[in-house]
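I have placed the structure first, in the form of structure tokens, so that the comments after it can refer back to it.
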Amino acid sequence: MKPDISTKVGQIELERPTMLASGILGISLEVFARLYKDGAGALVTKSLSKEPWDGYPNPTIVGVKSGYLNAVGLSNPGAPYFAKMIESNTTVPIIVSLVGSLEEDFVFMIKQFENVKILGYELNLSCPHVEKVGLDVGDDPDLVKKIVKSVKSHSKVPVIAKVGLGSSDYLETVSAACESGIDGITAINTIRAMGIDVETTRPLLSNKIGGLSGSAIKPIAVRCVYEISSKFDIPIIGCGGVSDWEDAVEFILAGASAVQIGSAIGEKWTGIFSEINNGISKYMEKKGISKINEMIGIAKKF
Amino acid sequence: MKPDISTKVGQIELERPTMLASGILGISLEVFARLYKDGAGALVTKSLSKEPWDGYPNPTIVGVKSGYLNAVGLSNPGAPYFAKMIESNTTVPIIVSLVGSLEEDFVFMIKQFENVKILGYELNLSCPHVEKVGLDVGDDPDLVKKIVKSVKSHSKVPVIAKVGLGSSDYLETVSAACESGIDGITAINTIRAMGIDVETTRPLLSNKIGGLSGSAIKPIAVRCVYEISSKFDIPIIGCGGVSDWEDAVEFILAGASAVQIGSAIGEKWTGIFSEINNGISKYMEKKGISKINEMIGIAKKF
Amino acid sequence: MQRNFNKPLVVKIEKIIEETPTVRTLVFSDEVFANVLPGQFAMVWIPGVNELPMSVMISLEKGKGALTVRKHGVASTSLYNFKVGDYIGMRGPYGNSFTIKQGKLLLVGGGTGLVPLMRLLTFLKKTDEVIVLIGAKTKEEVFFEKLANQLLEHNKHEIIVVTEDGTYGKSGLVTDEMENLLSEKKFDAVYTCGPEKMMHKVVQLAHAKKFHVQASLERMMKCGMGICGSCCADEVLVCRDGTVFDGDYLLSNKEFGYTHRNKAGILENY
Amino acid sequence: MQRNFNKPLVVKIEKIIEETPTVRTLVFSDEVFANVLPGQFAMVWIPGVNELPMSVMISLEKGKGALTVRKHGVASTSLYNFKVGDYIGMRGPYGNSFTIKQGKLLLVGGGTGLVPLMRLLTFLKKTDEVIVLIGAKTKEEVFFEKLANQLLEHNKHEIIVVTEDGTYGKSGLVTDEMENLLSEKKFDAVYTCGPEKMMHKVVQLAHAKKFHVQASLERMMKCGMGICGSCCADEVLVCRDGTVFDGDYLLSNKEFGYTHRNKAGILENY
Ligand SMILES: Cc1cc2nc3c(=O)[nH]c(=O)nc-3n(C[C@H](O)[C@H](O)[C@H](O)COP(=O)(O)OP(=O)(O)OC[C@H]3O[C@@H](n4cnc5c(N)ncnc54)[C@H](O)[C@@H]3O)c2cc1C
Ligand SMILES: Cc1cc2nc3c(=O)[nH]c(=O)nc-3n(C[C@H](O)[C@H](O)[C@H](O)COP(=O)(O)OP(=O)(O)OC[C@H]3O[C@@H](n4cnc5c(N)ncnc54)[C@H](O)[C@@H]3O)c2cc1C
Ligand SMILES: Cc1cc2nc3c(=O)[nH]c(=O)nc-3n(C[C@H](O)[C@H](O)[C@H](O)COP(=O)(O)O)c2cc1C
Ligand SMILES: Cc1cc2nc3c(=O)[nH]c(=O)nc-3n(C[C@H](O)[C@H](O)[C@H](O)COP(=O)(O)O)c2cc1C
Ligand code: FES
Ligand code: FES
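Protein chains in written order, with our numbering: chain C, 551 to 852; chain R, 551 to 852; chain S, 3 to 272; chain W, 3 to 272.
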């Protein structure tokens, strides 16, 4: 019998365990529909703010030896515009990523999506290169508590918090989010990093400092998923450097219920979702595993 | 005229800007002598503790896509044994790395080296996989202050603190060390990470969690050097993923006075020091730079 | 060591060719960029200023690549003002390329849209019969006419320049001239690059005659490699699925000819 | 995707051969480990237990590699007790190899030190004349005698077994027998692997006669790839500069034959 690769992240049901990570190709409904057809189990939007943001000037993304550096600067069309853009959607499983500094920002944005069909929200508490939002919020557990409580009280769909490595203990951010009723955790975002061109002696990104993604960060991300799942009873989505089915399985064994894929799309293009889904399926078949949840976190028993 | 690649890390004078990183091939005087002959400007010893440590059982080091994972567990013969082993040395420029939990540990170890010729000490405040030492110390700025003050008052040679990314803001560790009179900062150590084998579903390292090194962490390390040099007036040694001369120059442009090389030796072997020294020298010639200190930190002006 | 195509390769500008009072071609040395496919582009780093997608221009010298830049906003004007000896960074090459057909070929270009078409000319067979339609607002904005003649010296060919104000060549829109041509001639392939409204008309005209037609699109680009999503046009990512698309497909694309997204990702009309 | 040789490749044990009451050969499938050079080793992951350096044993079946393990401490005993169907991880292959000379060859091995010598036999020319000296404490510890004969069936050869207690073959130390041989015969090359004291003597004897001699060393190994330093012997790193060294060099190495380092890095006497 073919293994069942559907999975659940708390209340969020996914046909397939591979999701599109936030900020990757994620600005139009048409592209979401295409990636869903190509095998993604869910699509996380670019992080949306109250108002449209242009982001930083280019260069905003460059490749480095082991992955990518980016400081896109959270360019996005704003929550109201985006909500309108996807309001006609009934079939594509979308998770809306939100970014902001204040409780009110988040509440305002959630209002925009009241009548739009979405799977849930992902709160970006971890973008490492824009001031006052992202990690600046995630590094402040009290603010995290306030925001999560507000969002939870206004949202009719599940809410996930996306955490990353900032200048405080990310496990306290997780703890604050869990206490405040969060439905799941995505780990991790990019890690603060930079590159300098030796010919011009200039930083490669216009914002100088950006976030590192791709294979480079995978072992760090797997460690975080393992730590969170060892310390908290909360569904986890693994993210960071997934580029083949073994990476995806590694995250699941560490404790993730699903994975997000970002940078690797730049190398393998949109076929990566079904490639990884098939790989997971074959692995399960070989190992006699019939459902994803039989594998979640089993590396912890050693 | 050939550029001059000698450099100074505070009071420490180096003929060449490439040093051997702590824990890499660093357990015998004979190997140090060989690497010095092969081009290293200085040799940092394995981190030494008061007593000999066996370290963790194997597997202690494995390769991953973008670098290496290790949890050697600070195996070392102990400071007294090591001091005896190198007491005959007069020619090889050695920096002794020390690890411990208490002020007294460090003071005891420094006593051992009182009559041994060494360039300086490097305090390991950043090993990410052994409890009560390394990062557990680095994450506690008050303890850092106590240890640095004690060490400085007992040592006749310069003292460097090696920092890394733990569960607190590493810049506060740097700040605590600077306040307490440290002579330089090495940044960074490996970053907490793990890998899981999908076939056996087991963590790859016996200690489960270890540290990530190699190309993967270079952009993160460059960012740290850049941040430290932007915020503090302290000599810096860059470490993390240096594998060619461009990497080394990148660290210097970010603010490092010298670099340490670790994992890349596993790929390129001992010729890597002179390869990188020559590369730096050619770069300086091409750019009309006559001394290393003309390049230190110049990426900050943009 | 393997070259990382996603990290800018910093090159020195070796020569600058004045094409028109607002267009210059900057020449540099690099084997990879000297030999890209027609339609491929680079992300061009203008250090301290910005990074822009640019078609990779040919150079008549071996081992050299080039950029042909029209001064427009801050970034392109800054690049336009670069001097010999200045450094720029080149990421890529990115994108697919025109499918090269043989026989009777029609190329329709406007402005810097001529860049990939010039490279296309270097890929043709001697037996191909080629007509190049060059559109411009006015006489002094016409460029690459001589170059096209030179590249086609061994082919049966015709270069037809059309200016909107009639100060040079034929008068009117380049697509009007194309309509005239199509009324009497058949083509095995039509290639176009230039303003999207122009390309839209070119594709419609050729499609109506069932000629094979391809167009190279422009969209807001940040990564150039299929990661950021900023270049989406309907369900395609122009940087990665394109920039060259078949006319058949384009006529089914909701955005082609009508809308594109700005830096924030908001749809705007052409 | 490229294989990462520094990450364990997990393989299933397909067959187990009993060599002696304390030595077993475990066979698995893998093209890379089936074809390593004589002297190369793997870091063998015994999941949940430890990871040990082990010479890669040959298998007479194509596409298969093997390990020959003597039960000793906790880790090797655990591996020895593995069953068919159990998984082990293999990193590598690591290290250099014996330099293969032609002519009259002498191989001197003891215990699992015979493993790289058996592989060496598969690299010989038919014209080589070979003597293999196998040393063991007692009759029931002798293994690979039959295998050596089989591998050398097309060569002029002799297998001489020497047991310390004289229960099988000649009686005494294998190096005594070697001394006898050297008093009458000349060799183009001498290869040895086994206990270091034995190898030390072999190297001294061969060196005195100016024969080309190489020995494969063992040291405490953690990384196997030249990073951790635990395998140092004087100024060389055995895992990376070796494990095979020329006798000439070894006699100038301060540690060869006398000392090695323990897990903490402290020198201990052999
Ligand atoms: C595939 C491709 C190939 C191109 N080839 C050439 C070429 O060979 N020569 C040439 O001169 N120009 C080329 N362009 C256009 C070029 O990238 C710039 O858009 C143009 O130079 C104006 O930039 P600016 O910043 O000076 O103008 P601005 O005044 O800042 O912007 C004007 C308009 O330019 C466009 N633009 C600005 N930034 C970008 C960007 N990052 N990506 C896409 N569009 C942008 C937007 O539509 C914007 O509204 C190409 C564009 C694309 C997408
Ligand atoms: C290059 C090389 C090839 C080897 N090939 C074989 C082989 O083909 N077959 C075989 O049975 N054995 C081989 N060994 C020896 C093997 O690695 C073990 O040392 C031996 O199996 C005993 O291990 P243990 O942990 O069971 O014993 P323990 O009782 O734990 O240790 C006994 C002694 O074994 C040695 N040892 C333990 N761990 C290591 C280690 N990580 N690296 C090196 N030495 C260690 C030490 O000298 C230790 O004192 C080889 C060793 C090396 C270095
Ligand atoms: C170009 C780019 C843009 C990104 N934008 C966002 C974003 O808007 N919101 C967010 O939460 N994460 C963003 N990320 C982070 C990714 O969602 C993901 O967490 C990270 O890239 C690690 O995954 P990967 O290694 O698979 O790319 C972005 C990453 C990249 C490379
Ligand atoms: C096997 C191994 C052992 C290490 N041991 C130590 C150590 O004892 N003390 C220390 O400060 N750092 C130790 N490190 C960290 C390195 O010194 C260095 O900071 C890190 O590996 C990053 O540099 P690299 O990418 O060049 O390897 C060790 C690293 C490795 C890979
Ligand atoms: S420019 Fe980023 S996806 Fe096309
Ligand atoms: S075993 Fe690590 S250097 Fe040899």
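Where a beta carbon is used, it is the ideal one built from N, C-alpha and C, also for glycine.
Here the structure is a predicted model, which is why all the values come from computation and not from measurement.
Extent of the continuous beta strand (DSSP E) to which residue i belongs
i, result
"Tyr89 of chain W", "Tyr89 to Tyr96"
"His262 of chain S", "Thr261 to Arg263"
"Cys789 of chain R", "Ile786 to Cys789"
"Gln216 of chain S", "Val215 to Ser218"
"Asn828 of chain R", "Element bounds for Asn828 of chain R: not the beta strand (DSSP E) but the alpha helix (DSSP H), Ile822 to Lys837."
Beta-carbon proximity list for residue i, same chain, < 7 Å, skipping 5 on both sides
i, result
"Ala766 of chain R", "Ser616, Gly617 and Gly791"
"Asn271 of chain S", "Tyr260 and Thr261"
"Pro609 of chain R", "Leu754, Leu755 and Ser756"
"Ala727 of chain C", "Val694, Val698, Ala711 and Ile735"
"Ser99 of chain S", "Leu39, Pro40, Gly41, Gln42 and Val246"
"Glu179 of chain W", "Leu135, Ile162, Val164 and Lys172"
Close-in-space but distant-in-sequence residues of the same chain around residue i (CB under 6 Å, 5 per side omitted)
i, result
"Gly847 of chain R", "Ser779 and Gly805"
"Tyr586 of chain C", "Val642"
"Met201 of chain W", "Thr194 and Ala217"
"His159 of chain S", "Val132"
"Ala138 of chain S", "Val144 and Thr165"
"Ser105 of chain S", "Reading off the sequence shown, one finds Gly at residue 105 of chain S, where the question assumed Ser. Cβ within range, chain order: Asp190."
"Ile577 of chain R", "Lys596"
"Pro785 of chain C", "Val559, Gly560, Gly734 and Ser807"
"Phe258 of chain W", "Leu252"
"Ser556 of chain C", "Glu565"
For residue i, the first and last residue of its enclosing alpha helix (DSSP H)
i, result
"Tyr251 of chain S", "Gly249 to Leu252"
"Trp795 of chain C", "Trp795 to Ala804"
"Leu685 of chain C", "Leu685 to Gly688"
"Gln206 of chain W", "Glu198 to Ala210"
"Glu580 of chain C", "Leu579 to Lys587"
"Leu119 of chain S", "Leu116 to Leu123"
"Ser700 of chain R", "Pro691 to His704"
beta-carbon residue i near ligand 8 non-hydrogen atom, thresh 6 Å
i, result
"Ala77 of chain S", "Annotation note on ligand 8: not contained in the displayed structure, which lists ligand 1, ligand 2, ligand 3, ligand 4, ligand 5 and ligand 6 as its ligands."
Beta-ladder partner(s) of residue i, from DSSP
i, result
"Ala138 of chain S", "S:Thr165"
"Leu239 of chain W", "W:Cys234"
"Thr79 of chain S", "In DSSP, Thr79 of chain S forms no bridge with anything."
"Thr194 of chain S", "S:Val110 and S:Ala217"
"Tyr671 of chain C", "C:Val646 and C:Val709"
Cβ distance (whole Å) where residue i is taken to contact residue j below 8 Å
i, j, result
"Glu800 of chain C", "Ile746 of chain R", "5 Å"
"Lys128 of chain S", "Asn151 of chain S", "Actually they are not in contact, since the Cβ atoms of Lys128 of chain S and Asn151 of chain S sit about 15 Å apart, beyond 8 Å."
"Val76 of chain W", "Lys17 of chain W", "That pair is no contact at about 24 Å."
"Ser730 of chain R", "Val683 of chain R", "About 18 Å separates the two Cβ atoms, so there is no contact after all."
"Ile710 of chain C", "Asp733 of chain C", "6 Å"
"Thr820 of chain R", "Asp588 of chain R", "4 Å"
"Lys141 of chain W", "Thr114 of chain W", "That pair is no contact at about 18 Å."
inquiry  = Short of 8 Å Cβ to Cβ, which residues in the region 738-749 of chain R face chain C?
reply    = Ile741, Arg742, Ala743, Met744, Gly745, Ile746 and Val748
task = Identify each residue in the region 809-835 of chain R for which the Cβ-Cβ distance to at least one residue of chain W is less than 7 Å, and report them in chain order.
result = Ser813, Ile815, Gly816 and Trp819
Contact list for the region 716-739 of chain R against chain C, Cβ threshold 8 Å = Ser717, Ser718, Asp719, Tyr720 and Leu721
key: Contact set between the region 769-794 of chain R and chain C, restricted to residues whose Cβ is under 7 Å from the partner   = Pro769, Ile770, Val772, Arg773 and Tyr776
key: Near-chain R residues of the region 88-105 of chain W - C-beta to any C-beta below 8 Å   = Tyr89, Gly91 and Arg93
query = Can you list, in chain order, the residues of the region 623-653 of chain R whose Cβ is nearer than 9 Å to any Cβ on chain W?
reply = Ser625, Asn626, Pro627, Gly628, Tyr631, Phe632 and Met635
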